[in-house]
Structure formats: C-alpha cells, structure tokens
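Peer 1: Here it is, the structure in full.
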Amino acid sequence: MPHIPYDSLKAKLKGQRILLVGGAGFIGHNLAMELADMGADVMIADNLMVNSMIENSFNPEQDPIQRQAYLDFLLSRFSILREKGVQLRNCDARILIDLGRVFEEYRPTKVVHLAAIASAVDAKQEPGLCFDLQLITLRNVLELVRPKVDEINQTMFMSSSTVYGDFEGDTVDETTFPRPEGIYANAKFMGERLVRTYRTQYGLGTTVIRPSALYGERCISQRVSQKFIENGLTGKPLLLEGGGDGRLDFTYIKDLVQGQVRALALHESPDDSSTFNITFGNARTIKELADIVKEIVPQTILEERPRAVDKPIRGTLSTERAQKILGFKPEWPLETGYRQYCQWYVDAWEKAKRKANDL
Ligand SMILES: NC(=O)c1ccc[n+]([C@@H]2O[C@H](COP(=O)([O-])OP(=O)(O)OC[C@H]3O[C@@H](n4cnc5c(N)ncnc54)[C@H](O)[C@@H]3O)[C@@H](O)[C@H]2O)c1
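So the sequence shown is numbered by our numbering: it starts at 308 and just counts up by one.
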C-alpha cells in the first residue's frame, strides 16, 4: 500500500475552489471544515431544506430537550464554518438558474454533490422528492460542469453502500455488481450511471464515493447510531431485531472525510476517475453498537424483537481500492470512534437539558 502522508495533500489542495452542493448537512459541513483546514477555498450551496433549522424548530414530535440539542448542533455547524472562512449560499440546486449563478460567482475547480434525502426510510415516504433532490440537482450540477471541463477538474458524487443491495457474502468491493432495491438506492445507482455517462461522453473528471452507516458529532439524521444514544438517555428501550445480529459497516465521519479529502487532492485527470468504497471496512453488529451505549449510559434498556422479514442484509465494504490508490487508512473502529461520539452526545444532551429547563 502506498504511504501518502496526509499533510502532503495540502500542497495539492492549495488554490482549489471547492463547491459543496448540499454541503450544509452532516457530511458536507464536516468535509468543508477539513478542506478549509487543509488550505482549500470552500463554498457551500444549500437551501437548508433537509435536516435543517426550520424543519427542526417546527417538528411537533420533538420534545424540548431534543429540539434544543439539535438547534445547538446546527448553530455550531454554522459558527465553525464561519470561523474557518467557509462561504455559504442559500440556493436550491433543483433550480438550474440559481445554481448557475453560484457557479458563475464562485468559479469552482471541483464540485462535490451531496444533496439528497439522505435516508432510505424517509426517501420511501416521498419518492418524488427523493428523485428530485438526488437526480434533478445532480443533472444541474453535471450540466453546469459540462461546458467548463477545462476549469472544473473533478465532480465528486456521494453515492451509498445501498447500491449493493442485499449482500451475498460477507464483503463487497467495487467490482461487485450492484443490485439496488428501493427508491433511495436506485436513485443513487442512476446517479452513478449519469456521472459515468457524463465522464465518457463529455470528458468530466469524476469520482463516486460509496460510504456506509456514518456517525459523528452534530449529526441530526437519526440513524440507528444516534437514535440508540438518545433512547438510552431518555429511558426508551434500544430495540434489537433478531437479537441485534444485523451487521453494518459503521464509519466515523472523520474516516469518511479523510477518504474524501484524499480523493479530491489526488485526482489528476478525467482518466483516473474511479469509484471508491470509503468506510471503516469491518461490519459490526447492532448488538455491539448497543453494548457501547450501555457502557456509556448505564441505565440503557436493551429489548429483543423478532427480525423484520424485509430487513436488508449487509456486511463489510472492502476499502482495498481506496487504500491502494489513495493511501486511505481508516483510523476509528467502533470501540474508539463510537465511544468518543457517545461521550460527546451525553455532554451535549446535558447542556441542552439545562438550556431547555431554563426556558
Ligand atoms: N450519512 C450517511 O450515513 C450516508 C451514507 C451514504 C450516503 N450518504 C449520502 O451523502 C450525502 C450527504 O448526506 P448527509 O448525511 O450529509 O445528509 P444531510 O441530510 O445531513 O445533508 C443533505 C444536505 O442536502 C441539502 N439539500 C437537499 N436538497 C437540496 C437542494 N434542492 N438544494 C440544495 N441543497 C439541498 C440539505 O439541505 C442538507 O443540508 C447524501 O447524498 C447521502 O445520500 C450519506
């Protein structure tokens, strides 16, 4: 495996203007922070319509502590971005002319597409919106990059591990044929196909990233890794379907961002376009996740349930290609990454509780 020191990437990112479409979300703001630290210029274009302040403030199902905690998470995203000099434009990427204005103003050299309903469950509830947020926004990005391939050297598309569908063995790699199921995974797969078509037909430099089951500070997407901690903190049981034997390749956001930064810095030309699994690279059970919550929040209640019939079958995404080509080296197993995140959550929740009680 090549050793490519992370710090050496700074020289490659210097002078790059990187536009993150849908970049105010969980992955986007973390990527923006890291790219800014690595010396790149960064702008976010986001209309804040998913997992946002307004949605959060007016959600009737939220209790006051959760609302306060999420507002704190979202506000801290913005303060950190501002402190790091990241610019943000409020722009609906479904509207070509609006996104076009951002492209004209910023003149990016790289574009990362992140806009989506970033949950297969939510996407199933609103298939039309899922299609628009993933694919209309992507169409606009590709159409704006197409006439500018001399200036924009790379378009990165955030796909998903769900494109693989149910795993046949323990591990998949990028040569495994995708068998996506459901609207979210199929829209991701269509997105990948579109991106590759624009590369072969119009010469765009492209990179496709397939992440899996992310967790980390300031996430409000309510995936299992976040829900479990909140349930532990609020006395609700952690439901373990089939005893919690389902497996996911849980990945700490810091590992994903390291991989993305490497893929952005090391991309030389349209010829080195590639698809990368960027995950921790070792699937773990839901029960193992729950055990860590129980250790950090001892009052946590674990409750077993029968396995759902249509539960997706997952496993490990091999990161060998990213290791070989990008020098990617995941650093955060569940024992350190998820523990650190849980600890952070407990503290953040306590702060939110005090604020909510003062109101
Ligand atoms: N988080 C994960 O575990 C995970 C795993 C695999 C893939 N992904 C993919 O990575 C990407 C980012 O995920 P995330 O977790 O940061 O999600 P997120 O919901 O936190 O962020 C998505 C962002 O896209 C923005 N957006 C949506 N529609 C838009 C529009 N029309 N114009 C401008 N902005 C718009 C939202 O406002 C939001 O800020 C998504 O494409 C998601 O499908 C995420």
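The C-beta atom is built at its ideal place from N, Cα and C for all residues, glycine as well.
Just curious, the beta strand (DSSP E) that ARG374 is in, first and last residue?
Peer 2: Not the beta strand (DSSP E): ARG374 falls in the alpha helix (DSSP H), residues 371-390.
Peer 1: With DSSP collapsed to three states, give me the class of THR416.
Peer 2: Three-state result, THR416: coil.
Peer 1: Using C-beta distances below 7 Å, list every residue in its chain close to LEU546, excluding the 5 sequence neighbours before and after it, in chain order.
Peer 2: So the list reads GLU610 and ARG612, once near-sequence residues are dropped.
Peer 1: Quick one: grab the DSSP three-state call for GLN394.
Peer 2: Here GLN394 sits in strand by DSSP.
Peer 1: Just to confirm my understanding: we take THR592, look at its own chain, exclude 5 residues before and 5 after, and list those with CB closer than 8 Å. What are they?
Peer 2: Only GLY551, ASP552, GLY553 and ARG554 meet the Cβ criterion.
Peer 1: To the nearest angstrom, report how far apart VAL564 and LEU571 are at their CA atoms.
Peer 2: Going from the Cα of VAL564 to the Cα of LEU571 covers about 10 Å.
Peer 1: If you draw a straight line from the C-alpha of LEU395 to the C-alpha of VAL531, how long is it?
Peer 2: Cα to Cα, LEU395 sits roughly 29 Å from VAL531.
Peer 1: Taking buried to mean at least 16 other C-beta atoms within 10 Å of its own C-beta, is PRO518 buried or exposed?
Peer 2: By the neighbour-count rule (16 or more Cβ atoms within 10 Å), PRO518 is buried.
Peer 1: Measuring alpha carbon to alpha carbon, tell me which of LYS455, THR514 and LYS658 ends up nearest THR462.
Peer 2: THR462 has its Cα closest to that of THR514, out of LYS455, THR514 and LYS658.
Peer 1: Sorted by chain position, which residues of the same chain lie with C-beta nearer than 7 Å to THR558's C-beta, five sequence neighbours on each side aside?
Peer 2: Counting only Cβ-Cβ distances below 7 Å, and skipping sequence neighbours, we find PRO518, SER519, ALA520, LEU521, THR586 and PHE587.
Peer 1: Count the other CB atoms, across all protein chains shown, that sit within 10 Å of the CB of TYR377; report buried if there are 16 or more and exposed otherwise.
Peer 2: With 16 or more other Cβ atoms within 10 Å, it is buried.
Peer 1: For ILE325, write down the residues that DSSP places opposite it in a beta bridge.
Peer 2: Answer is VAL349 and LYS417.
Peer 1: For ASN460, which three-state DSSP category applies?
Peer 2: Reduced to three states, the DSSP call for ASN460 is coil.
Peer 1: If you drop the 5 nearest sequence neighbours on each side, which residues of the same chain put their C-beta closer than 7 Å to that of GLU458?
Peer 2: Excluding residues within five positions, the ones whose Cβ falls inside 7 Å are ARG414 and THR416.
Peer 1: State yes or no: is the C-beta of ASP562 nearer than 7 Å to some heavy atom of ligand 1?
Peer 2: The answer is no for ASP562.
Peer 1: Would you check whether ligand 1 has a heavy atom nearer than 7 Å to the C-beta of ALA597?
Peer 2: No, since every heavy atom of ligand 1 falls outside the 7 Å radius drawn around the Cβ of ALA597.
Peer 1: Tell me the DSSP secondary structure of MET360 in three-state form.
Peer 2: Helix.
Peer 1: Out of ILE311, VAL428 and PHE496, point me to the one whose CA is closest to ASP617's CA.
Peer 2: Nearest C-alpha to ASP617: VAL428.
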